[in-house]
Amino acid sequence: MPARTLLTALALVATLFAASPIFATQASYAGGEALTIVTRDESLQRAVQSAYVQPFTAVTRARVVQQVWEGDIATLRKHVKPPTNAWDVVMVDPEELATGCSEGLFEKLDWSMIGGKDHYLPQAVSDCGVGAITVDTVLAWDKDKLPVSPTWSDFWDVAKYPGKRGLRKDVRGNLEIALMADGVAPGDVYKTLSSSEGVDRAFHKLDQLKPYIVWWSSNAEAPRILSSGDVLMTSAPSAQITTAAESAHRNFGVQFAGSLYELNSWAIVKGTPALRTAEQFLYFTGMPAIEQRLLKKGGYFGLAKGLTDGVPASVVALSPNNPANANAGLRLDAAFWHDNLPKLRQRFEAWLGH
């Protein structure tokens, strides 16, 4: 979008925002204290800073501090009440949202203050959270080195496609990928994992690939190891791959068949003295024109209705919210991981050490 057009669009957004009922309520922090907003990783933090925080502070004159967390619920509990570095707005995955809401760590949302439930896609609406972005894990590769569209089965076939493979260093997602590589249909993955035999099957499949795995931890690492040639293929968030391909002019491919996806939501921390400012932030970031800024800056797709209006079809085709992509993939089962994460993470850590 040309700079002048963008400025005109932002001016219109600012006018609409300023006319909204929530903006009529003054920011609630006294003494100029900052609103603390916490996101999932540094690359997302940078995109949120540019797409959301900068225009939000320009319109509201609020001060915002950004932090990053790795998603540990125990960490969240430490940041609920001041004065110990309390948080105000935090991005959470479905498991953290459910746990935090049930434990009373988050405010119950007043949807009339953040645009209304009808403003969002149905999956974005819950008692304590509003959908922020859809995050996914796809199979990614360099088309210049591999001119085919590989599957997870091909990912494991190092004889046919020699080279290292990249995987996130976490049990979540890898067990699902291993089973799909072993021929389990996406719709049967969690039925298989519900038995000890199914879990053993997933770890046995990971055993086969273990000597060829390059582990990555932060989202930014996935496109980096692909760009450097350290791996032939990697699991990766599609947003990072498409953004890296565009910025570095690389011919990267993404495979949505067998992809994993879930919603990350914004939640307001219980007892924040900046409740009204936090609601202003959620209202503002849920505006389609503002969500389009995050799409442009970081490749992330939000959950507001109308987000893709005017967006090129080639970009929409890469959205994890696109029904064709969602239907070809597997939504991470928050209930399964809520019940099984501690023991399976412990087993995964032990497996890494052997």
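For the record, in the sequence shown the residue sitting at position 175 is 175 according to the UniProt record's numbering, with numbers rising by one throughout.
Built from N, CA and C at the ideal position, the CB exists for glycine as well.
- For Gly-298, the enclosing alpha helix (DSSP H) starts and ends at 288 to 298.
- Here Ile-268 carries a strand assignment [DSSP, helix/strand/coil].
- If you compare the alpha carbons of Pro-55, Glu-33, Asp-41 and Arg-40 with that of Glu-291, the shortest gap goes to Pro-55.
- For Val-254, the CB contacts under 6 Å within the same chain, skipping 5 residues up- and downstream, are Val-138, Ala-140, Ser-238 and Ile-241 in chain order.
- Contact between the region 278 to 289 and the region 54 to 73 is present: 3 or more CB-CB pairs across the two stretches fall below 8 Å.
- DSSP lists no beta-bridge partner residue for Phe-284.
- Thr-308 carries a coil assignment under DSSP once its states are collapsed to helix, strand and coil.
- Residue pairing of Thr-134 in beta bridges, as defined by DSSP: Leu-263 and Phe-301.
- Take the alpha-carbon of Thr-36 and the one of Pro-273: they are about 11 Å apart.
- Leu-193 places its beta carbon less than 8 Å from that of Val-199.
- As computed with DSSP, Ser-235 is found in a beta bridge with Leu-139.
- Per DSSP, the continuous beta strand (DSSP E) segment holding Thr-36 begins and ends at 35 to 39.
- Looking at the DSSP output, Ile-213 shares a beta bridge with Arg-165.
- The C-alpha of Asp-72 is placed about 34 Å away from the C-alpha of Val-158.
- Around the C-beta of Val-65, fewer than 16 other C-beta atoms lie within 10 Å, and the residue is accordingly described as exposed.
- Comparing C-alpha distances from Ala-62 to each of Val-90, Gln-280 and Pro-323 shows the shortest one belongs to Gln-280.
- In this structure Trp-266 is buried. Its beta-carbon is surrounded by 16 or more other beta-carbon atoms within 10 angstroms.
- Arg-165 counts as buried, since at least 16 other C-beta atoms from the protein chains shown sit within 10 angstroms of its C-beta.
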